[in-house]
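Per this note's numbering, residue 4 is the first one in the sequence shown, and the count goes up by one each step. All C-beta atoms in this analysis are idealised placements derived from N, C-alpha and C, irrespective of residue type, glycine included. Since the structure comes first, as structure tokens, the remarks are kept for the end.
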Amino acid sequence: MKKIAIVTPCFNEEENIGPFFDRLSKVLARHDQYAFQLILVNDGSSDGTFPAIEKLSKQQKWVKGINFTRNFGKEAALTAGLNHAGGDAVIFIDADLQHPPEVIDDFIHAWEHGAEVVLGRRISRDTDTKAYRFLASIFYRLHNRISDVKLPENVGDFRLIDRKVADHLRSMPENCRFMKGMFAWVGYAPQFVEYEVEERFGGKSSFNKWRSWNLALEGITSFSTAPLRVWTYIGTGVLLVGLLYSALIIVRALMYGIQTPGYVTLLTAMVIFGGVQLIGLGILGEYIGRIYIEAKRRPPYLIKEMVQQETPPVAHLDGHSPYGKEQDAR
Ligand code: UDP
Ligand code: MG
């Protein structure tokens with residue numbers, strides 16, 4: 004029997020866990036040729052998310068709960084879920100029902116027909132504002148132009164990956180984990196399944212503008228060094244213009260003597276180049292900061308406790324399966 008693990012990051016999703024589980028298990032019940040495991044990662048929620056997960060794992064053998072010591076972010080939660088998921092395929096899905104569980108039917112179908120990576124592509128982003136969509140499209144265009152790894156547009160973290168891909172991802176040791184980029188970096192031609200994003204069932208989104216901006220920065224700095232290299236060219240360009248301009252001033256001084264006015268030219272040049280240098284330094288800083296974090300070799304997350312009815316051995320280390328024999332999903 005093939006095994007499929009489902010990984011769901013949860014941050015303040017108390018009211019969503021139950022409805023999410025009900026809708027998901029209805030979908031999975033249609034696929035009784037597989038054994039499923041649901042891994043719910045509580046990413047340091049401040050509400051009753053973990054008690055809800057705990058309760059569920061007591062009732063359902065196939066549900067495993069992972070509790071972080073604090074909020075480590077969605078990327079860390081996805082990583083933890085992936086590291087604890089056994090199985091022949093792993094599906095990532097949000098807890099807020101914005102990713103309709105019914106789409107999993109198509110994911111499994113595509114996987115059975117040979118796709119190692121199946122990506123959910125949003126048909127419309129009506130749930131986002133126009134400005135956000137505009138900025139997002141600029142990000143994708145910029146990212147794809149300057150980095151070797153191309154990110155498909157309108158694709159989030161809703162996806163299925165085959166065990167091969169999961170194993171590659173588990174072997175990637177970095178701390179700064181921009182999962183969307185890492186998924187793409189691994190390769191394998193993806194197959195797309197379109198879906199309509201739904202409204203959040205309950206609670207509210209935790210990705211504000213600032214967090215999205217930082218994720219975008221993480222994406223660019225993790226997968227491209229173009230922002231660093233571009234300074235060589237900017238520097239060269241500025242130097243050439245500067246040399247030409249100096250030559251002009253020197254010739255003029257030799258021919259007409261020194262003209263004192265020049266205050267405006269001087270000050271403008273100082274202010275502009277001061278700004279340009281600071282931006283260059285800032286970009287260097289972005290990378291150095293990430294080298295610093297990476298160099299400390301800290302784990303991307305810490306687990307306080309795990310809940311599951313029985314604690315089975317990890318899959319494919321010793322041949323045992325982490326999945327219960329019978330399934331009480333249905
Ligand atoms: N999430 C998480 N840790 C965080 C923020 C979010 O695990 O620090 C989870 C959240 O519970 C949800 C998913 O990531 O399952 C997507 O988050 P959200 O719905 O807030 O983002 P949006 O859908 O608005 O982009
Ligand atoms: Mg959401």
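For VAL310, the closest alpha carbon among the candidates GLN36, GLU16, ASP25, LEU41 is that of LEU41. Beyond the five residues adjoining it in sequence on each side, THR72 comes within less than 6 Å, by CB distance, of LEU305, LYS307 in the same chain, given in chain order. Annotation for LYS58: the continuous alpha helix (DSSP H) segment containing it runs 52 to 62.
Runs of the beta strand (DSSP E) spanning 3 or more residues and lying entirely within the stretch 180 to 240 occur at 193 to 198, in chain order. A straight-line Cα-Cα distance of about 13 Å links LEU220 and LEU231. Contact between ILE96 and ILE9 holds, with the beta-carbon distance rounding to 6 Å and staying under 8 Å. ASP109 is positioned such that its CB atom lies no closer than 8 Å to that of ARG203.
Between ASP151 and the set MET175, ILE223, LEU85, GLY51, the nearest pair of CA atoms involves ILE223. For SER60, the Cβ stays outside the 7 Å cut-off from all heavy atoms of the ligand MG. If you draw a straight line from the Cα of GLU177 to the Cα of MET4, it comes to about 33 Å. Taking 7 Å as the cut-off, one finds no heavy atom of the ligand MG near enough to the beta carbon of ASP131. Within a 10 Å sphere around the beta-carbon of MET175 sit fewer than 16 other beta-carbons, which makes this residue exposed. Taking the C-beta atoms as reference points, ASP160 is found no nearer than 8 Å to GLU119. Bridge pairing for ARG162: PHE95, LEU122 [DSSP]. ASN45 places its beta carbon less than 8 Å from that of ASN70.
Beta bridge pairing from DSSP links PRO12 with VAL44.
With the rule of 3 Cβ pairs closer than 8 Å, the stretch 267 to 285 counts as touching the stretch 234 to 254. For LYS29, the uninterrupted alpha helix (DSSP H) run begins and ends at 17 to 31, by DSSP.
Pairing LEU247 with ALA229, the inter-Cα distance amounts to about 27 Å.
In the three-state scheme derived from DSSP, where H, G and I count as helix and E and B as strand, ILE261 is classed as coil.
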